[in-house]
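Colleague: Before I ask anything, let me first share the structure, which is written out below as structure tokens.
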Amino acid sequence: MRNFITPRYYLPALMIFILLLIPLFISSPYILHIMAMVLFWAYLASAWNIVGGFAGQLSLGHGVYVAAGAYVSSLLFANIGLSPWFGMIIGGLVAALLGVIVGYPTLRLRGAYYALATVGFAEGFRVILINTTKIGSWHTGGAEGFLVPLLGDAPQHMQFMSKVPYYYLALVLLLIIVGFSFWLDRSKLGYYLTAIREDEDAALALGINTARAKLIAAALSAFFTGVGGVYYAQLIRYLEPNAIAGAIMSNQIVFLAIVGGRGTVLGPVIGGIFLTIIGEMTRILFDQVMGLHLFLYGIIVVLFVIFKPRGLIELVEKPYEKLVKMLNGRRVEGAS
Amino acid sequence: MGVLSSIINGILMGGVYGLLAMGLTLIFGIMKIINFAHGAFLMVAMILSYWLWKIMGLDPYLSIIIIAPLMFLLGYLTQRFTIKPVLDAEKDVREPIGALLLTAGLAVAIENFILMVFGADYLMAKTAYSGASINISSLSISVPRLYAFVTSLVVAFLFYQFLIKTELGRAMRATGQDRGVALLMGINVSKVYSIAFGIGTALAGLAGIVLIPFYYAHPSVGAVFITKAFIIVVLGGLGSVHGALVGGLIIGLIESVAAQYMTATWTAILIYFAFLAFLLLKPSGLFGSRYEW
Amino acid sequence: MALLEIDNISVYYGEMCVLRDVSAQIDSGEIICVVGANGAGKSTLINTISGLLKPKTGKILFNGEVISKLEPYQIVEKGVIQVPEGRRLFPNMSVEENLLIGSYTPTSRKKRKENMEKVFTLLPRLAERRKQIARTMSGGEQQMLAIGRALMADPKLLMLDEPSLGLAPKMVSHVLELIQNIAAQGVTILLVEQNVYHALKLCNRGYVLENGSITLMGTAEELLNNPHVKKAYLGL
Amino acid sequence: SGGGKSSGEVKEIKIGNILPLSGSAAPVGKIGQQARDMAVEEINAAGGIKSLGGAKIKMIYADSKGDPATGVAEAERLITQERVALITGAYQSGVTLPATEVAERYKVPFVCPVPSEDVITERGFKYVFRLAEKTTWRNREQVRFIQDMAKKFGTPVKTVALIYENTAWGQGAVKGWEKYLKEAGLKIVLKEPYPANSSDLTPVVLKVKQLKPDVIMMCSYVSDAALLTNTFAEHKVKPLAFIGTSGGFADPVYFKTTGDNSEYFFDISTWEPDVNRPFSKEVNEKFKQKYGYPMNAEAVKAYTAMYVIKDALERAGSLDPEAIRKALAETKLTSGVTQMYASEIIFDESGQMVNAPLIISQFRKINGKMERVTVWPEKEARPGWKPVWPFPGWDK
Amino acid sequence: MPAKVLLELKNVTIKFGGLTAVSDLSFKLFEGEIVGLIGPNGAGKTTVFNLISGVYRPTEGEIYLNGENITGLKPFQICHRGIGRTFQVVRPFGGKSVLYNVMVGAFLRTNDTRKSREKALEVLQLVGLYNKKDVLAKNLTIVDRKRLEVAKALATEPKLLLLDEVLAGLNPAEVDEAVEMIRQIHKSGITILLIEHVLKAAMALSQRIMVLDYGKKIAEGSPEEVTSNPEVIKAYLGDNYGIA
Ligand SMILES: Nc1ncnc2c1ncn2[C@@H]1O[C@H](COP(=O)(O)OP(=O)(O)OP(=O)(O)O)[C@@H](O)[C@H]1O
Ligand SMILES: Nc1ncnc2c1ncn2[C@@H]1O[C@H](COP(=O)(O)OP(=O)(O)OP(=O)(O)O)[C@@H](O)[C@H]1O
Ligand SMILES: CC(C)C[C@H](N)C(=O)O
Ligand SMILES: [Mg+2]
Ligand SMILES: [Mg+2]
């Protein structure tokens, strides 16, 4: 029991506590909306990290899973009134299925071949979404996009007029994925994925069914990403194939994870939070001059990569360790 | 007749795609970096070429003598001052993901810089031959595309000779196979990287120049071509120069001929999924070495 | 004046000191052997001379000139050539291309034809296999090629890092013979070997490197008779 | 929510504007911004909003990047952070759809000058007002034009090829075309969507050439519009008529990139520089002076929108969103510069402007320069000009 | 000795394009043996390992483990059935610690992280890497990498261990240590097949030696028998063999 009052436990707890309290101090729906988006992006980056970081498979097509989750849950919601809460599970499962479908043919692909194959798949999927206006009698909107019906305040259908519930929902999702990553990092599967990332042939020789491990990783990653898609659908309430399944979405997810530090538990979270806030700030502060804000954003990414090639996690890890040490020291002193 | 026309058009366009893919495959083969800024460089060259034509009346093909060296320099400096530090930090990594991300960041910065400075207009050099076509009975062959195709072939040939025959070309290939040992051969690896990136960028520039008489430049024009170039490079086999050209021709042909039998949007789907199916059979592309990866 | 002079160098990987105050010198025409346990720092020493690693303190002189601040390619241009541990050929290039790359430096390029002839007479196997892709060759052939490639650079100082590693006994004697032949042509040689007995038989002088420091040096004979060497490296 | 203060203390009125200011639609976003700025400068220079004590309008621009999610975030920000009185935008229907929903939720009026997707005003929203015509209205007029020409010139039109970009806008257009062409008894021989921003449209053109349709109708943004036009020229495709659907064909850049190739093409829009309406010439001239190129219909709608808003603010006399909404709903503008767009501006129940004036222009080379010449309907036509029908061919 | 046959190769052949790397090879390994596999460079030794461990599928012939036909099984399936191997070109998971590397192997027999760690530490003791358990694998020297290679394979609790030149690059003193280590492993009940060019060690360890040349078995027998076989001397040892 004593262990639980070490900084290693109470610092994260403190962080979570602060995150929980934020809505009490911020009333601006816009800021809450942005903060929900920030947490949401951190969540997506973490979900990607399962396959892109731990297993080292650079997927550049994760938008597909966001879209799958979003479309499946929204279609079920609009057509048979299925609550997106259930849609989350079904959307996630469908995304996971897609993850396996993409994962299977790409099993033998390594490195850049895999990365670019996922680009091809995602593009193909996006074009299909654009070209499909109906699935059976269900209207999907094609390129016109799909408007998620607005019910007003309907918590049972994941719709709220206030931003606070969205914020908490994003926070919960993020905590779940971080908890999962933390577990994964220490589990057999995590060890296996890391081994595959480092050297797939050697992993095979150690009895690892690399194909299965990769498919499990792909399915898990796609599942969580798909769940994120369901959230996105209810937050934005409009699904547009280019925006949701396009390269911008897919690349953004990867950006965040890598800038933060891929293959680590908290790297993608940090990347998601940092970059999203920076992107938002530059856009708001510099959108008078056409292009300026994205120019600055690009430059900032470039500088991050040059100066912190292993990810922003480096920036946070050391001071955090120091802080833990310091607090630890003080506790010991205090105890004596 | 229609099919013949579309075959010809597919081949002509395919050559240009191949030219663009060649630079991408070169950079990958030697530095193991997927260069996401390739499309942005294409765009920069198109815009430069346009302005040279617009202000000085310089024919785009003549502007090669100015733009190719300029693009080379741009690539050279980009590698020297941005990619090199990242690569140095990722020395023992097989695939420098950081460098990949860096090029993606650069792409965003370059595109938006051009947007800031030159605005978002759609620019095209309407040269005398821009709309011209050679008509043989009902067959018409677009002159600017023919020029572009011929240029692509010539450049591909010269470039291939350069890689195979010259000292520097050999050094570049050697560096691509093992950069650690290349050092021990007296090769200045970081300079070779800069040159490779410079040449890759210049190739993107050439693709831009041959496009500008019949295609519109704007800050995000790179996006129109880059995904195609990615697919082509993988199809041909990463790092394979002739693979890039053949891949370009294949994609050009499918795009053009298949569109006669289905809508143009479905050809896109066909291309992407045929590509995946192909990779299933041949995971390292047409001419890629499975030993490389 | 010594051809190569290593003056009190220390080399680190990060925080870890791998070579500590190492000094050594090699005169023109000598065959020098460095022996030492695994992990003693032998490869590190060679890589530092080649410029792949930079000493934290101390310096290295070649022909009286400080080279420890130069880039690897500049050092190669001076004629300091290494045959790296584990051969490291360019796997997808032919035998011939591997050799051509060997003579990349401007000075060696001039003598390319003549050196190629020399390599082919020394290693007739390579002449037979000119067009074979390096990766498809057997271990022994690959080692031949690695040495031939180094010879193409017209070395003044040739450093070989465990050239007999993984070779069948018959091959080992062959390679060591070859080294002797090369030396006979006036190339100074720095040899790192686990096959201590064979190596010392071959060379004039030797250094024993242990835990990053030179603990012993002397003529081959002295070392062969040294009780510590006998026990630790010859297994006698 | 909104910035409801009493009129006495109002010094400036913030208006939020969501536009694509980066990405591939940035050029059109920029024109929209310029047109709005010019109008606001005029309004402020003329003493601002008098019923609010001469309060000045302050424009706040937000870049949607053409991305719906960004559009939503910006709508949230404009409303809750900037506390704008109302919003205009968002050029693309795809961004407008979710962004207007945000406004509806906060009960902040949203004026849409350009986006034409039908459904925007068909969702029962109360705070969304659209100045633009619906996409299908254009289709209806285009078909009427074809029938009219066929009769007038005695050239029967039987077959039509539809070429459209595969986006919200294009897919919306094709629905209208199908409906009205069917009603008119015309046969669609080709329905060809293509991916927006194509690298090569030759395959599409070759396909059309094979089928030899009587009329070719197109729906494209400028890069594809120009590419199509030039490729048709290269392959000398010769139907009775080429008809564009505004957007790219109405973009000032279009002439620059197509040159003579576009001569004799038709386009549908709501405004043309030569249109016979009050204020048209003057405003366009001023715009040309200021920015170096003429207005297009979308610029005019953006410009007009600011005057519609001004009028509503004057009548509302307050920044209370409910008051503004009510004023907008009661708009009945029949005088002033808005005349250049429509002689009468009224919104129906759904917030849709009724009777948006649609006209057809033909591209003609006059004194060595390409111009858009209004040719239909006859009463709006440039005096002395008539449609050239059928398409005379490429060897001109 | 009525020992049980653990592994049997029956007429195994593999061709790479025109090259027959292993040709009509048959042999048996009995439970509890240490057998040496020697031969000139390129004779096909490593290829035999790759065949047994499932990296390659034989063009012809079958492979049996404990009487079960394992021909064509995937490497991981074969590992599950109890064959561990090391690679001639060592392949550590470079970016991870020594302990992490070995735990990956240990996870084959458990799902529990704690148990896997215990097993890994035990193995590290055995191979003498315990003190370096937290070092990143890529920073190990060649010997230590070879030890790690053995440790990883051992952690999978194999019945049969295939060792590919684990002694190469060691000096005589180190060879002695390593030989001792292999004996320990053998003692713990593991059957061993080893490829080795360091003849002294191969002879000291092996109860039986097979000699491969051009993919064919040219000799088999006790170390003494084999090394005095003229064919072996000609193909492998060379005429001036026998100095050290
Ligand atoms: N890249 C590296 N980073 C950190 N430490 C390293 C690195 N490379 C080698 N070392 C360490 O430096 C020491 C010396 O290594 P070196 O390779 O020079 O030894 P060696 O004498 O050549 O051994 P071997 O006979 O195994 O080749 C070893 O302890 C090794 O673990
Ligand atoms: N995948 C492959 N493709 C083509 N040839 C191969 C392949 N693997 C091995 N070979 C060839 O098969 C032959 C046997 O190789 P192998 O690696 O088994 O030799 P070895 O006996 O282990 O030699 P060494 O003692 O040098 O390690 C060699 O000629 C080699 O080039
Ligand atoms: C081009 C415009 C007339 C159409 C508008 N951009 C839309 O998306 O609805
Ligand atoms: Mg070494
Ligand atoms: Mg072997």
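Protein chains in written order, with the numbering used here: chain E, 1 to 336; chain U, 1 to 293; chain Z, 1 to 236; chain R, 1 to 396; chain F, 1 to 244.
Yeah, the Cβ is synthetic: ideal placement off N, Cα and C, and Gly gets one too.
If you're wondering where the values come from, they're calculated on a predicted model, not measured in any experiment.
What number of angstroms, rounded off, separates the C-alpha of lysine 165 of chain U from the C-alpha of histidine 242 of chain U?
Modeller: Cα to Cα, the separation comes out at about 15 Å.
Colleague: Going along chain U in order, which residues have a C-beta closer than 7 Å to the C-beta of glutamine 210 of chain R?
Modeller: Those are Gly2, listed as they occur along chain U.
Colleague: To the nearest whole angstrom, what separates the beta carbons of histidine 201 of chain F and valine 226 of chain F, a pair I think is in contact under 8 Å?
Modeller: In the sequence under discussion, the amino acid at residue 201 of chain F is alanine, which differs from the histidine named in the question. With a Cβ gap of about 14 Å, alanine 201 of chain F and valine 226 of chain F do not count as contacting.
Colleague: Could you check if alanine 258 of chain U belongs to the surroundings of ligand 1, using beta carbon to heavy atom distance under 8 Å?
Modeller: Checking every heavy atom of ligand 1 against the Cβ of alanine 258 of chain U, none is found closer than 8 Å.
Colleague: If you measure from the beta carbon of alanine 316 of chain R to each beta carbon in chain E, is any gap under 9 Å?
Modeller: No - not a single Cβ of chain E is within 9 Å of the one on alanine 316 of chain R.
Colleague: Can you give me the start and stop residues for the alpha helix (DSSP H) that asparagine 111 of chain F sits inside?
Modeller: It is not in any alpha helix (DSSP H) - asparagine 111 of chain F carries neither H nor E in the DSSP assignment.
Colleague: Name the DSSP beta bridge partners of cysteine 399 of chain R, please?
Modeller: This structure cannot settle anything about residue 399 of chain R, because the visible part of chain R is limited to 1 through 396.
Colleague: Between alanine 264 of chain U and chain R, is any beta-carbon pair separated by less than 9 Å?
Modeller: It does: the Cβ of alanine 264 of chain U has a partner Cβ on chain R nearer than 9 Å.
Colleague: Which partner residues of histidine 157 of chain E appear in the DSSP bridge assignment?
Modeller: None; histidine 157 of chain E has no bridge partner.
Colleague: Helix, strand or coil for threonine 191 of chain F per DSSP?
Modeller: Note: threonine 191 of chain F maps to strand in three-state DSSP.
Colleague: For leucine 312 of chain E, which option in E/Pro268, E/Thr276 and E/Gly291 has the closest C-alpha, if you only look at C-alpha atoms?
Modeller: Among E/Pro268, E/Thr276 and E/Gly291, the Cα nearest to that of leucine 312 of chain E is on E/Pro268.
Colleague: Report back the beta-carbon spacing between asparagine 171 of chain F and alanine 168 of chain Z to the nearest angstrom; my notes put them in contact at under 8 Å.
Modeller: Contact doesn't hold; Cβ gap of about 19 Å is too wide.
Colleague: Using beta carbons (cut-off 9 Å, strictly below), is alanine 268 of chain U in contact with chain R?
Modeller: It does; some Cβ of chain R falls within 9 Å.
Colleague: Give the straight-line distance between the Cα atoms of alanine 99 of chain R and lysine 56 of chain R, rounded to the nearest whole angstrom.
Modeller: Rounded to the nearest angstrom, the two C-alpha atoms are 25 Å apart.
Colleague: Is tryptophan 271 of chain R helix, strand or coil when you go by DSSP?
Modeller: Note: tryptophan 271 of chain R maps to coil in three-state DSSP.
Colleague: In chain order, what residues of the segment 274-287 of chain E put their CB closer than 8 Å to some CB of chain R?
Modeller: Hits within the stretch, in order: Glu280, Arg283, Ile284 and Asp287.
Colleague: Looking at the strands, I want to know which residues DSSP matches up with alanine 33 of chain Z.
Modeller: The sequence shown places cysteine at residue 33 of chain Z, not alanine. According to DSSP, which records beta bridges pairwise, cysteine 33 of chain Z is partnered with Z/Leu191 and Z/Gly206.
Colleague: Between which two residues does the beta strand (DSSP E) holding lysine 217 of chain F run?
Modeller: From DSSP, the beta strand (DSSP E) with lysine 217 of chain F extends over 216-221.
Colleague: Hey, alanine 156 of chain U and methionine 22 of chain U are a contact pair by Cβ (cut 8 Å); roughly how many whole angstroms apart?
Modeller: Confirmed, about 6 Å.
Colleague: Could you pull the start and end residues of the alpha helix (DSSP H) that valine 148 of chain E belongs to?
Modeller: Counting along the chain, valine 148 of chain E falls outside any alpha helix (DSSP H), and DSSP gives it neither H nor E.
Colleague: For my contact list, isoleucine 216 of chain R and alanine 161 of chain R are in at a C-beta cut-off of 8 Å; report their separation, rounded to the angstrom.
Modeller: With a Cβ gap of about 5 Å, isoleucine 216 of chain R and alanine 161 of chain R count as contacting.
Colleague: For a cutoff of 9 Å on Cβ pairs, would you count leucine 151 of chain E as touching chain U?
Modeller: No, because no Cβ of chain U sits closer than 9 Å to the Cβ of leucine 151 of chain E.
Colleague: So, under 8 Å CB-CB, arginine 138 of chain R and threonine 229 of chain R are touching, yes? Tell me the CB distance rounded to an integer number of Å.
Modeller: Going by Cβ atoms, the distance from arginine 138 of chain R to threonine 229 of chain R rounds to 19 Å, so no, they are not a contact pair.
Colleague: Which class does glycine 272 of chain E belong to by DSSP, given the choice of helix, strand or coil?
Modeller: Of the three classes helix, strand and coil, the one that applies to glycine 272 of chain E here is helix, per DSSP.
Colleague: In whole angstroms, give me the CA-to-CA distance for glycine 61 of chain F and leucine 6 of chain F.
Modeller: Approximately 17 Å, taken between the alpha carbons.
Colleague: For proline 387 of chain R, collect the residues of the same chain with a Cβ closer than 7 Å to its Cβ; drop the 5 residues on either side in sequence, then sort them by chain order.
Modeller: So the list reads Met149, Gln362, Val375 and Trp376, once near-sequence residues are dropped.
Colleague: Comparing alpha-carbon positions, which option in F/Glu174, F/Ser116, F/Ser228 and F/Phe30 lies nearest leucine 193 of chain F?
Modeller: Minimum Cα distance to leucine 193 of chain F is reached at F/Phe30.
Colleague: Spell out whether any CB of chain R is found under 9 Å from the CB atom of methionine 124 of chain U.
Modeller: Taking Cβ atoms only, chain R reaches closer than 9 Å to methionine 124 of chain U, which makes this a yes.
Colleague: Are the C-beta atoms of glycine 102 of chain Z and some chain U residue less than 9 Å apart?
Modeller: Yes, its Cβ sits closer than 9 Å to a Cβ of chain U.
Colleague: Checking 9 Å against the spacing of the C-beta atoms, do glycine 248 of chain U and glycine 285 of chain U come in under that value?
Modeller: No, Cβ-Cβ distance for glycine 248 of chain U and glycine 285 of chain U is not below 9 Å.
Colleague: By the 9 Å beta-carbon criterion, what residues does the segment 217-234 of chain U contribute toward chain R?
Modeller: Listed by position along the chain: His218, Pro219, Ser220, Val221, Ala223, Val224, Phe225 and Lys228.
Colleague: Looking at the structure shown, is threonine 132 of chain E part of a helix, part of a strand, or coil, going by DSSP?
Modeller: In this structure, threonine 132 of chain E counts as coil in the three-state DSSP scheme.
Colleague: Here's the rule: buried if 16 or more other CB atoms are within 10 angstroms of the residue's CB, otherwise exposed. What is isoleucine 347 of chain E?
Modeller: Because chain E is modelled from 1 through 336, residue 347 of chain E falls outside the range shown and cannot be assessed.
Colleague: Below 6 Å CB to CB, which residues in the same chain sit around alanine 43 of chain F once its five sequence neighbours on both sides are set aside?
Modeller: Cβ within range, chain order: Leu212 and Asp213.
Colleague: Given a limit of 7 Å on CB to CB distance, which residues of the segment 84-113 of chain U reach chain Z?
Modeller: Result list empty, no residue passes.
Colleague: Could you give the distance in angstroms between the alpha-carbon of serine 213 of chain Z and the alpha-carbon of threonine 225 of chain E?
Modeller: So the two alpha carbons sit approximately 55 Å from each other.
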